[in-house]
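A.B. asks:
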Amino acid sequence: MYYLDVCLELEDSSDIELGHVILKKNILEAVKQFFGEEGAKSKIDILKYNIPERRFVLRCENGFYVKLRASLTVAGYFEGKPCVYNVHRASPNLLSFVGDSRNYEH
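All residue numbers for the sequence shown refer to the working numbering, where the first residue is 1228 and numbers rise by one.
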């Protein structure tokens, strides 16, 4: 499995409901638009979702990671509004999200 820490940035999100289901649907639509029906068949899970910050952790299979990352990079719209997906971290190990080497003190 591969894990991604992602933040969704929307230009104007005042009238958009940002629930788990809508978010996952939009991610799958981005994959489908870029890779077609076969690409959208892969399993994607939202493990954690912080609604106010619009930050979430995605889980996907190792072989699908590159396709998912590419789809998030080129995705330009969320429910018809311009958006950007920023991937803050990506790792095959979920525990790597707990620590941050930039803030570690010896």
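The beta carbon of each residue, even a glycine, is placed where N, CA and C say it ideally should be.
1) Return the CA-CA distance between V1325 and R1296, expressed in angstroms with no decimal places.
2) Alpha carbon to alpha carbon, what distance is there between A1267 and V1314?
3) Let me see if you follow: with CB-CB separation under 8 Å, is C1234 close to chain C or not?
4) Does S1269 come out as helix, strand or coil in the three-state DSSP assignment?
5) Kindly provide the ranges of any beta strand (DSSP E) runs that are 3 or more residues long and lie completely inside the stretch 1245 to 1298, ordered along the chain.
6) Excluding the 5 residues flanking D1272 on each side, which residues of the same chain have their C-beta closer than 8 Å to its C-beta?
C.D. replies: Reading from the atomic positions:
1) 21 Å
2) 19 Å
3) The question asks about chain C, but that chain is absent: this structure has only one protein chain.
4) coil
5) 1271 to 1277, 1282 to 1287
6) L1285, R1286, C1287
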